[in-house]
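So in this note's numbering, spot 26 of the sequence shown is number 276, and the numbers just go up one at a time.
Notes follow once the structure below has been shown.
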Amino acid sequence: MQPTLKLSLAALVTSAVLATGASAEDKLTGDLRIFLDTSNPAPRATMEAMIGRFQEKHPDLNIETTVIDREAYKTQIRNFLTANAPDVATWYAANRMRPYVEAGLFEDVSDLWAEPEIAENLASTKGAMTIDGKQWGVPYTYYQWGVYYREDIFKELGLSEPSTWEEELANCRKILESGRKCYTIGTKFLWTAGGWFDYLNMRINGFDFHMALAQGEVEWTDDRVRATFAAWRELIDMGAYIDNHQTYSWQEALPFMVQGEAAAYLMGNFAVAPLREAGLTDDQIDFYQFPVINPDVELAEDAPTDTFHIPVNATNKDNARAFLRFVVSTENQTIINGGDALGQLPVNAQSTVDDDEFLNQGFEMLSSNSPGGVAQFFDRDFPAEMAKAGMEGLQEFMVRPDNLDRILARLERVRKRVYR
251 MQPTLKLSLA
261 ALVTSAVLAT
271 GASAEDKLTG
281 DLRIFLDTSN
291 PAPRATMEAM
301 IGRFQEKHPD
311 LNIETTVIDR
321 EAYKTQIRNF
331 LTANAPDVAT
341 WYAANRMRPY
351 VEAGLFEDVS
361 DLWAEPEIAE
371 NLASTKGAMT
381 IDGKQWGVPY
391 TYYQWGVYYR
401 EDIFKELGLS
411 EPSTWEEELA
421 NCRKILESGR
431 KCYTIGTKFL
441 WTAGGWFDYL
451 NMRINGFDFH
461 MALAQGEVEW
471 TDDRVRATFA
481 AWRELIDMGA
491 YIDNHQTYSW
501 QEALPFMVQG
511 EAAAYLMGNF
521 AVAPLREAGL
531 TDDQIDFYQF
541 PVINPDVELA
551 EDAPTDTFHI
561 PVNATNKDNA
571 RAFLRFVVST
581 ENQTIINGGD
591 ALGQLPVNAQ
601 STVDDDEFLN
611 QGFEMLSSNS
621 PGGVAQFFDR
631 DFPAEMAKAG
641 MEGLQEFMVR
651 PDNLDRILAR
661 LERVRKRVYR
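Structure follows, in structure tokens:
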């Protein structure tokens, strides 16, 4: 663990973005210990500046911040939550927080979610923070997944953004007829296939079913799971994906879209920057929400969410709750998610987003058009051992779809072992 770092106002507070001062009776005293896993330069600077603004509001509060390398943090979190816990700690939403909730190490903060400002402005992320009907932390940033596509190719072929599965398939047939592939993808490191499974399963069976599968409550051999793979096979049998995708990383699959050999990419918003850097303009790229397959289920999205939590063993829980309120406030959410900071999406629906086409589309989708829930992505929602086996099976299915029965039987054996 890296040494504790006492944040100085001079180093961390920028007068241009100071939050409005609190009245005397609102000012906090005592201590607040914060552990962060935001060790990369930009996130670290963003978090330190945010803490500096909170310190400015509460000058009599003694704030100590410890920054830990992200990978080291993952191995240390259980130990520090158990012994000498901080007052606030970063982590991740949904099933990634479940082990610490079930071990009694994260504080129930449902009282914060009962406050109107949080209840109304953070409604789209409540499900990701809820286990057993209670909320166990607050989110501070997320980003959207969806279909990024070559708008110029769609115009050339007379295609429109699909809103249904039938339209998606019809578009794909026309793209294939033009000599292109419908989708680029690189599955060498497995996780990208998880995005396709997430969306197909949530669009066919719904968010609750997807979460039940992630929690080990549904057999992999269930007919509803098979229906997800059946829809996926429609695309595989059409030849929708680039050839030999198992030999490419997600970055190595980008040139197929850049060069116009594939028309679209199901990916997170982090793909936009390298597409732009490769020479595509915003007139050539656009984005659409993964289309409806089963109209009886509400639309849910993959939107990996980073979070703050109060350990059960924290010493200064009132101060910690005040800090969490500040983190999710409208103004702070605008600041920390801006292009000069995290460059992602605010979780507060009243915040503003940088003037970026894709961030604005993602913000609208997640704040207003995703009533079905927000998933965290396959390798965050499923326990580590199940996620690894699952993603291996998903990649194998994309290459050898005739192996489905063997794949599902194998995953079912892993499920019984993992969730036992």
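Even for Gly, the Cβ is constructed at its ideal location relative to N, Cα and C.
Query	Result
Closest residue to GLY510 among ASN569, PHE479, LEU658 and TYR433 (Cα-Cα distance)	TYR433
Cβ-Cβ distance between THR471 and GLU646 below 9 Å	no
Contacting residues, own chain, Cβ-Cβ under 8 Å from LEU525 (five flanking each side not counted)	TYR398, LEU504, MET507, VAL508 and ILE535
Bounding residues of the alpha helix (DSSP H) (the contiguous stretch that carries ALA570)	567 to 577
Which of helix, strand or coil DSSP assigns to LYS384	strand
Alpha carbon of LYS567 to alpha carbon of GLY612, nearest angstrom	34 Å
Top-ranked residue by Cα proximity to SER620, from THR332, ILE327, LEU372 and GLY354	LEU372
Near the ligand NAD: THR288 beta-carbon under 8 Å from a heavy atom	The ligand NAD is not among the ligands present in this structure, which contains no ligands whatsoever.
Closest Cα partner of PHE457 within the set GLU551, ALA443 and ALA639	GLU551
Cross-strand partners of ASP552 (DSSP beta bridge)	ALA625
Closest by C-alpha distance to GLU321, when choosing among PRO336, LEU331 and ASN290	ASN290
Inter-stretch contact at 8 Å, needing at least 3 Cβ pairs: the segment 379 to 399 / the segment 588 to 603	yes
Sufficient close CB pairs (3 or more, under 8 Å) joining the segment 477 to 496 to the segment 344 to 360	no
Where ASP655 falls, given that 16 or more other Cβ within 10 Å makes a residue buried	exposed
Residue nearest to LYS307 in terms of C-alpha spacing, selected from THR325, LYS277, VAL317 and ILE657	LYS277
Rounded C-alpha distance that separates TYR669 from GLN465	8 Å
VAL562 versus LEU331: straight-line alpha-carbon distance, rounded	8 Å
Rounded C-alpha distance that separates ILE368 from HIS495	43 Å
Whole-angstrom C-beta distance between TYR393 and PRO633, which should lie under 8 Å	In fact, because the Cβ distance is near 23 Å, the residues do not count as touching under 8 Å.
Separation of SER360 from ALA378, as counted between CA atoms	13 Å
Same chain, Cβ closer than 8 Å to VAL468, five either side skipped, listed in chain order	PHE459, ALA462, ARG474 and VAL475
Beta strand (DSSP E) runs contained entirely in the segment 419 to 470, provided each spans 3 or more residues	431 to 433
Coil, strand or helix - TRP482 by DSSP	helix
Assumed close pair ASN345, ARG630 - CB separation to whole angstroms, cut-off 8 Å	7 Å
Where the beta strand (DSSP E) through ILE313 begins and ends	311 to 317
Straight-line gap, PRO366 to SER601 (C-alpha atoms, nearest Å)	16 Å
ILE301 versus THR580: straight-line alpha-carbon distance, rounded	16 Å
GLU411 to MET452 span [Cα, whole Å]	20 Å
Burial state of LYS431, where buried means 16 or more other Cβ atoms lie within 10 Å	buried
C-beta atoms of ARG283 and ASP319 nearer than 9 Å	no
Complete runs of the beta strand (DSSP E) confined to the segment 278 to 303 [at least 3 residues]	280 to 286
Counterpart residues of TRP363 in DSSP-defined beta bridges	None; TRP363 has no bridge partner.
Beta-carbon contacts of THR279 that lie in its chain and below 7 Å, excluding the five residues immediately before and after	ASP310 and LEU311
Rounded Cβ spacing between ILE560 and ALA572 (contact assumed at less than 8 Å)	At roughly 11 Å, the Cβ-Cβ gap does not stay under 8 Å, so ILE560 and ALA572 are not in contact.
Rounded Cβ spacing between ILE403 and ALA513 (contact assumed at less than 8 Å)	5 Å
For PHE558, the residue or residues it bridges with in DSSP	THR340 and VAL388
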